[in-house]
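> Got a structure for you, questions after.
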Amino acid sequence: MTSRKPIRKAVFPVAGLGTRFLPATKAIPKEMLPIVDRPLIQYAVDEAREAGIEQMIFVTGRGKSAIEDHFDIAYELEVTMTQRGKDLSVLGPTRLMPGNCAYVRQQEPLGLGHAIWCARDIIGDEPFAILLPDELMHGRPGCLAQMVEAYDQVGGNLVSVLEVPREDVSSYGVIAPGAEVSASLTEVTGLVEKPAAADAPSNKIISGRYILQSEVMRTLEDQEKGAGGEIQLTDAMARMIGTQPFHAVTFAGRRFDCGSKAGFVEATLALALEREDLGAEVRAMAERELGRST
Ligand code: G1P
119 MTSRKPIRKA VFPVAGLGTR FLPATKAIPK EMLPIVDRPL IQYAVDEARE AGIEQMIFVT
179 GRGKSAIEDH FDIAYELEVT MTQRGKDLSV LGPTRLMPGN CAYVRQQEPL GLGHAIWCAR
239 DIIGDEPFAI LLPDELMHGR PGCLAQMVEA YDQVGGNLVS VLEVPREDVS SYGVIAPGAE
299 VSASLTEVTG LVEKPAAADA PSNKIISGRY ILQSEVMRTL EDQEKGAGGE IQLTDAMARM
359 IGTQPFHAVT FAGRRFDCGS KAGFVEATLA LALEREDLGA EVRAMAEREL GRST
């Protein structure tokens, strides 16, 4: 038995404009773009649910109401489908329990740290998770479930990490690794947001999953602007190192960067190839396409 407070709440920052995917994202949120037949946000919510999260908190912005509709009952659709004898189970994952889903708005795009801080009143004094939906983490158990398991061991704060080529680190938050607890769990002694490759403390980047203590909200309160002129979550976390345990979990699974077009296509292909109902057909198509381009 552990006396640690369980991780019951997760924050999903979804206020970004998604300009990299224009014109697709002119009228629909980037998080609603589908990988095969599930919107990107659904993968993150399913991952959170699998890890035991009960309350989903979305930090949204203008033009994001499709996300709220997605996690609501589509009354007319369900009535019509029922009348036609269609199976409604496909909608199951879009159902969140009454009251277990909250939306707060980030009015201005002031950075990830600011977006998280917008959820402070709903978080209260509980530890919580953060999932960046652009990062599609694919594995069994899911990335957050693996982190919750590590949290049960070491408590405190955790980030998920993975290794990238050194020249790529400047797009990410980077950890300074300390002592190894196990093959997949390392202490964190420092954090830097978007360092130049030459200044980076390692090539281990934060891959968009966090378990944090509520004190981070108070740290964010007076956080100065950092990389890109934005209030950075990484900077606030860095200030907590030394006052609370801080660890990094190396995810055993695959990560797709769905914030980039190529990563989005890669995720679509990889997940389609794995599907029982589609895999063989998509493989044959992919092989035909590759044959054509050579
Ligand atoms: C954010 C975080 C960064 C992290 C990255 C993962 O950056 O600030 O630390 O490594 O997500 O995708 P952004 O992609 O918002 O610039």
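Position in the sequence shown (first residue = 1) + 118 = the working numbering.
The beta-carbon is built from N, C-alpha and C at its ideal position, and this holds for glycine as well.
These numbers were taken from a predicted model, which means no experiment stands behind them.
#1: Let me check you understand the geometry: is the CB of L230 closer than 7 Å to at least one non-hydrogen atom of the ligand G1P?
#2: The beta strand (DSSP E) with C219 in it runs from where to where?
#3: Take L135 as the anchor and find which of E399, L209, Q225, I329 has the nearest alpha-carbon.
#4: Throw me the rounded Cβ distance for the G344 and E311 pair, which I believe falls under 8 Å.
#5: Bridge partners of D375, per DSSP?
#6: Taking DSSP as the reference, what is the three-state secondary structure of A345?
#7: Spatial neighbours of L389 within its chain, please: C-beta separation below 8 Å, excluding the five flanking residues on both sides.
#8: Looking at the unbroken alpha helix (DSSP H) that takes in T137, where does it start and where does it end?
#9: Name the one or two DSSP bridge partners that L68 has.
#10: Note down, in chain order, each residue of its chain lying with its Cβ closer than 6 Å to the Cβ of R122, except the 5 sequence neighbours on either side.
#11: I'd like to confirm something about L351: is its beta-carbon nearer than 7 Å to some heavy atom of the ligand G1P, or not?
#12: Considering only the beta carbon of each residue, do P147 and G181 sit closer than 8 Å?
#13: When you compare the segment 191–201 with the segment 153–171, are there three or more beta-carbon pairs, one atom per stretch, that lie closer than 8 Å?
#14: Measure the beta-carbon distance from E165 to L262 and round it to whole angstroms, keeping in mind my assumption that it falls under 8 Å.
#15: Please report how far the alpha carbon of A294 lies from the alpha carbon of G371, in whole angstroms.
#16: Starting from M358, follow the alpha helix (DSSP H) in both directions and report where the run begins and ends.
#17: Roughly how many angstroms lie between the CA atoms of I329 and F246, to the nearest whole one?
#18: Is the beta carbon of A356 less than 8 Å from the beta carbon of G326?
#19: Would you list the residues sitting across from V177 in a DSSP beta bridge?
#20: Throw me the rounded Cβ distance for the L451 and V367 pair, which I believe falls under 8 Å.
#21: At a threshold of 7 Å, does K217 count as lining the ligand G1P (C-beta to nearest heavy atom)?
According to the structure shown:
#1: yes
#2: 219–223
#3: Q225
#4: 6 Å
#5: E253
#6: helix
#7: I153, V154, H256
#8: Element bounds for T137: n/a, residue is neither H nor E.
#9: The structure shown has nothing for residue 68, since the chain only spans 119 to 412.
#10: G273
#11: yes
#12: yes
#13: no
#14: 5 Å
#15: 22 Å
#16: 351–358
#17: 6 Å
#18: no
#19: P131, V222
#20: The question about residue 451 has no answer, for the chain in this structure spans 119 to 412.
#21: The question names Lys, but residue 217 in the sequence shown is Gly. Outside the cutoff, so no.
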